[in-house]
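Residue numbers (UniProt numbering): 1 to 290.
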C-alpha cells in the first residue's frame, strides 16, 4: 500500500491540484493507496508516523523540500520507504535523485519498487536533516524567501531574497569542531549536508554523497559582499569550491557554537540556536529511486 501525504500549499497549490491525477493513475494501475492532506506545519510528520504504523510500504511526500523533511522525520526508525512527487518551490532533495516533476514519471519510479538506502544528518539529537542545514547569510535568505515564494520560486526566489538580506547582513564568528579539528572563522555562510543542492538549484556541496557515511561541510569565510555576488553563478554549477574564501570538509560529527542565537535552516525550516551539533546516521532512510 502507498500513502500520499499532500501539502496543499506546496507549489502555490499545485500539489493539491494534482490529487485527482494521482488518484486516477493509481486506480488505473490497481494499486491500493490513501491520500492524506496536511493541515498545519508539522502535520506531515504526525501523518507519516501514523501511516508507518499501518500497512503502508511507501509513504510519499507530495510537495517540496519542507514536505519531504516532515515525512522523513515521521518515518524514522521504520522499514517504510520514502517516495517523492516534487511539486514544491525548490525541490532540491528530489533534484539530487533526479526525480521528475512530472507526476506520471514520478509515480512510475514509486511503482518500480527500486529502493536505495541513504544516510541522514541528525541535528541537535532530534531533527533529521535529509538534505542540507545551513547558517549565516543563507539561513537569513531562507526566512526572506518565505515572504516571496508565493509569487516566485526556485533560484529566482533565492536571488531576490539574497539581494534583500545582503544589504544588512553582517558576518559573525563561529567556533566549529569537525571530527575533533577545532577552528574559528568569521563566516558569510556555512552549510552541512548529505546531498548537493539548495536554494532552488545551487550546487553548494558538489561532492556530497548520501551513502558515504559522511556529512559534507562548506565554509565561506568573510569576503566583500560584491565578491559574493560573483560566487553565486559559480555555485549553480558547483564550481565555487576553487575560491580562496571557500573551505570544504567531510565529517561524521560537527559541533558549532556562536556567541548569540543565530538562524539555522534545516531543509528549508528555520530554527534558532547558539549551540548546534550534527552527526551522521548511516543507512537510515529508504528512498524510492529510478
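Glycine included, C-beta positions come from ideal geometry on N, C-alpha and C.
Please read these numbers as outputs of a predicted model, since none were measured by experiment.
What are the boundary residues of the beta strand (DSSP E) that residue 119 is part of?
115 to 123
I'd like the span of the beta strand (DSSP E) that includes residue 277, first residue to last.
269 to 288
When you compare only the Cα positions, how much space is there between residue 225 and residue 136?
13 Å
Tell me whether residue 214 is buried or exposed, calling it buried when 16 or more other Cβ atoms sit within 10 Å of its Cβ.
buried
Measuring CA to CA, which of 227, 11, 26, 262 is closest to residue 245?
227
Based on DSSP bridge pairs, tell me the residues matched to residue 173.
186
With a floor of 4 residues, list each alpha helix (DSSP H) that falls wholly inside the UniProt domain "DAGKc" (1 to 126), ordered by position along the chain.
14 to 17, 19 to 28, 43 to 52, 65 to 74, 92 to 96, 103 to 112
DSSP bridge partner residues for residue 257 (one or two, in chain order)
175, 275
Excluding five sequence neighbours on each side, which residues of the same chain lie with their C-beta closer than 7 Å to the C-beta of residue 178?
217, 249, 251, 254
Measure from the alpha carbon of residue 130 to the alpha carbon of each residue in 97, 276, 162, then state which is nearest.
97
Tell me which same chain residues have a C-beta within less than 7 Å of the C-beta of residue 78, skipping the five on either side of it?
52
Within the continuous beta strand (DSSP E) that includes residue 250, where are the two ends?
246 to 251
Quick one, are the C-beta atoms of residue 47 and residue 56 less than 7 Å apart?
no
Look at the alpha carbon of residue 206 and the alpha carbon of residue 234, and state the distance between them as a whole number of angstroms.
11 Å
Buried versus exposed call for residue 126 [16 or more other C-beta atoms within 10 Å across all chains shown]
exposed
Using 8 Å as the threshold, is the region 64 to 79 in touch with the region 17 to 26, meaning 3 or more CB pairs across them?
no
Collapsed DSSP secondary structure at residue 225 in the structure displayed:
helix
Residue 86: buried (16+ other C-beta within 10 angstroms of its C-beta) or exposed?
buried
Quick check: residue 5 and residue 42, are their CB atoms within less than 7 Å of each other?
no
For residue 342, I'd like the list of residues in its chain whose CB is within less than 6 Å of its CB, leaving aside the five on either flank, ordered along the chain.
Look at the range of the chain in this structure, 1 to 290, and you will see that residue 342 is not part of it.
Which partner residues does residue 262 have in the DSSP bridge list?
273
Report yes or no: do three or more beta-carbon pairs, one from the region 162 to 181 and one from the region 257 to 273, lie closer than 8 Å?
yes
Beta-carbon contacts of residue 282 that lie in its chain and below 7 Å, excluding the five residues immediately before and after:
119, 213
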